[in-house]
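Worksheet: the structure to be examined is printed underneath.
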Amino acid sequence: DTMDGGVATVAARTKRPRRPQLLSADEKRARFRAKYAGKTHEEVLAIISQGWRSSVYKHFRPPVIVPGPNGCVAYTATHYFNSCTAVYRFVCKKYPSKHVDRIDYEDSTGNLKCHGDCCDPDDTPRS
């Protein structure tokens with residue numbers, strides 16, 4: 517009877533949620549390219565930037581596309597998906613000589629937030 521089993525019965529009936537599997541850089545890149553196949557860097561940036569909701573983006577100018585780690589930026593979709601990875605450069609509004617680069621298939625805001633926190637630190641009370 518399930519009512520008499522106590523904790524053991526509940527544990528047997530309850531399934532633990534699986535942690536989402538972390539993807540490797542190659543897997544992220546492949547998924548990104550499949551999702552945006554046939555689009556140029558500018559088209560992809562326009563699409564993904566519409567989904568950016570974090571307030572951290574307000575600290576930066578709109579990103580510009582710079583050459584990726586393989587040294588190229590392609591402006592045709594075919595060339596892009598064959599060999600090029602773009603980097604989005606986020607330039608600080610407060611200190612334009614400072615910037616944060618993010619590879620096109622990444623979506624983490626960690627480095628952007630880190631810069632913003634350093635650039636605009638919270639006020640601390642004086643001792």
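Numbering follows this note's numbering, with no gaps: position 17 of the sequence shown is 533.
Backbone N, C-alpha and C define an ideal beta-carbon position, used for all residues, glycine too.
Could you have a look at residue i and say whether DSSP puts it in helix, strand or coil?
| i | result |
| --- | --- |
| Cys600 | coil |
| Asp620 | coil |
| Asp517 | Note on Asp517: pLDDT 46, under 50, position unreliable in the model; no value is reported. |
Give me the residue from the options with the minimum Cα distance to residue i.
| i | options | result |
| --- | --- | --- |
| Pro612 | Lys555, Asp542, His575, Arg547 | His575 |
| Thr625 | Val572, Glu559, Gln537, Ser565 | Val572 |
| Tyr621 | Leu628, Gln537, Pro536, Phe548 | Phe548 |
| Val714 | Cys635, Pro578, Ala562, Thr601 | Since the first and last residues shown for the chain are 517 and 643, residue 714 lies out of range. |
| Lys610 | Cys600, Pro585, Asp636, Lys629 | Asp636 |
| Arg618 | Val603, Cys634, Lys629 | Val603 |
| Lys555 | Cys600, Asn627, Leu539 | Cys600 |
| Pro583 | Asp633, Cys634, Asn627, His557 | His557 |
| Ala541 | Ser570, Val560, Asp623 | Asp623 |
Just to confirm, is the Cβ distance from residue i to residue j under 8 angstroms?
| i | j | result |
| --- | --- | --- |
| Val580 | Arg545 | no |
Exercise for review: Entirely within the region 532-576 and at least 4 residues each: give me those alpha helix (DSSP H) ranges in chain order.
Suggested key: Counting only runs of 4 or more, we get 541-551, 557-565.
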